[in-house]
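In my numbering, the protein residues as written are 83 to 465. Every residue, glycine too, gets a C-beta built ideally from N, C-alpha and C. See below for the structure under consideration.
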Ligand code: SF4
Ligand code: SF4
């Protein structure tokens with residue numbers, strides 16, 4: 083996220099799809115009204131002056147309909163022009179119509195969607211018919227000139243088909259962004275689909291190797307982001323920065339949460355846009371204090387880790403939400419992060435040592451035949 087301030091707007095938690103591992107939809111959820119959007123505008127006019135990105139997220143944000151966006155987008159962009167708003171949307175595309183696509187294209191809203199690989203694999207975890215409906219919406223979005231990227235959720239089941247999934251993205255010419263399935267807070271069997279940290283670590287190393295094999299022809303966004311972390315020595319995506327106070331999510335009724343992942347969980351409401359809370363009031367709320375405590379906890383818990391600077395303990399939601407807000411550890415994906423960060427650092431050091439002209443005498447060998455991490459980093463950072 084290139085802007086320092088990120089507001090996620092969740093127009094509804096409703097969703098027409100029934101993805102088996104999903105924990106962020108709620109059938110009876112109301113839809114945000116334009117009055118609530120006006121309240122968001124009026125709150126933000128006073129709240130903070132930084133450049134902002136608004137991401138419409140869900141549930142399924144297209145359920146709000148064309149009229150909602152026809153009114154909401156100009157309200158946010160004109161009334162908050164001082165914050166130079168940029169927009170994005172995360173949608174399954176099922177309800178994309180030429181009418182909504184035209185509104186979104188007018189405001190240059192890039193779309194993120196979700197597809198979990200070839201139709202059979204995708205539908206086995208997202209439900210029958212998902213793939214076709216998503217691809218149909220994709221064609222409509224593409225015809226309107228919208229840019230669409232896909233997130234691929236890897237579950238403990240689909241990870242066994244990682245090669246097929248990678249090849250699917252490659253053949254389609256899609257950039258791959260992976261998302262590990264998380265344990266659901268709303269399920270009786272929370273780990274049924276969740277990707278275990280060890281599997282996640284293996285998958286990241288596999289995708290690093292595939293990225294190198296396909297350098298210049300196929301991109302894996304997560305691998306690029308991890309390379310950027312190592313190169314700049316600071317986090318470049320929300321998981322690896324201190325998101326507290328820089329990211330907020332607003333639910334359908336105007337409730338403010340630390341991030342979209344908490345929306346709909348009453349114990350994580352920090353305030354409501356209607357009452358125009360200040361930053362101080364939000365951070366002093368119970369959820370605000372829990373989030374701050376996480377950051378302080380990381381300072382101690384991760385103090386001996388060489389990756390702390392660009393990892394920051396990972397995602398606080400992953401760490402504290404499953405235990406009801408208790409601080410029992412850092413992000414459970416820690417071992418996966420350590421694994422990939424270690425691999426990237428080791429390979430980078432080895433390649434630097436082997437690079438001609440580095441002055442390591444006998445240790446200098448021929449250039450690696452295949453592109454290495456250094457080549458990938460150059461291509462990512464050079465953009
Ligand atoms: S809680 Fe996690 S997903 Fe949400 S903004 Fe923070 S790091 Fe990102
Ligand atoms: S890799 Fe693990 S120990 Fe290191 S900073 Fe990240 S969460 Fe903390």
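| Check | Outcome |
| --- | --- |
| May I have the straight-line CA-CA distance separating residue 319 from residue 262, to the nearest angstrom? | 15 Å |
| CB-CB under 7 Å to residue 257, same chain, minus the five flanking residues each way: which ones, in chain order? | 231, 301 and 303 |
| Using DSSP's beta-bridge definition, name the partner residues of residue 261. | 235 |
| Sorry if obvious, but does the Cβ on residue 402 come closer than 6 Å to a heavy atom of ligand 2? | no |
| What's the C-alpha gap between residue 385 and residue 157? | 45 Å |
| With DSSP as the reference, identify every bridge partner of residue 196, one or two as the case may be. | 233 |
| Would residue 315 pass as a contact of residue 462 if the rule is Cβ separation under 7 Å? | no |
| According to DSSP, is residue 360 part of a helix, a strand, or is it coil? | coil |
| Which same chain residues, not among the five before or five after residue 94, have their C-beta less than 8 Å away from its C-beta? | 111, 112, 113, 114, 140, 141, 142, 143, 145, 146 and 334 |
| So residue 381 packs on residue 396, CB below 8 Å; how close in whole Å? | 14 Å between Cβ atoms; not a contact. |
| Nearest to residue 346 by alpha carbon, out of 86, 109, 283 and 459? | 109 |
| I'd like the list of long-range same chain contacts for residue 238, defined as Cβ closer than 6 Å, with 5 residues on each side in sequence excluded. | 277 |
| Is DSSP giving residue 435 helix, strand or coil here? | helix |
| Can you list, in chain order, the residues of its chain with a C-beta nearer than 8 Å to that of residue 443? Leave out the 5 residues immediately preceding and following it. | Note on residue 443: pLDDT 47, under 50, position unreliable in the model; the coordinate value appears next. Nothing meets the Cβ criterion. |
| With a 10 Å radius around its C-beta and 16 neighbouring C-beta atoms as the bar for buried, classify residue 331 as buried or exposed. | buried |
| DSSP state of residue 328, grouped into three classes? | coil |
| Between residue 352 and the rest of its own chain, which residues show a CB-CB distance below 6 Å, the 5 nearest in sequence each way excluded? | 338, 364, 367, 369 and 370 |
| Since residue 171 contacts residue 138 with CB under 8 Å, what's their CB separation in whole angstroms? | 4 Å |
| Beta-carbon within less than 8 Å of residue 426's beta-carbon, same chain only, minus the 5 sequence neighbours each way: which residues are those? | 290, 308, 309, 312 and 455 |
| Would you check whether ligand 2 has a heavy atom nearer than 6 Å to the C-beta of residue 422? | no |
| Which value, in whole angstroms, describes the spacing of the CA atoms of residue 326 and residue 84? | 16 Å |
| From the DSSP output, in three-state form, read off residue 89 for me. | strand |
| Taking 6 Å as the cut-off, is the beta-carbon of residue 419 closer than that to any non-hydrogen atom of ligand 2? | yes |
| Any heavy atom of ligand 2 inside 6 Å of the beta-carbon of residue 396? | yes |
| Assign residue 276 to one of three DSSP states: helix, strand, or coil. | coil |
| Quick one: using the 10 Å Cβ neighbour count with 16 as the cut-off for buried, is residue 340 buried or exposed? | buried |
| How would you call residue 400, buried or exposed, if buried means at least 16 neighbouring beta carbons within 10 angstroms? | buried |
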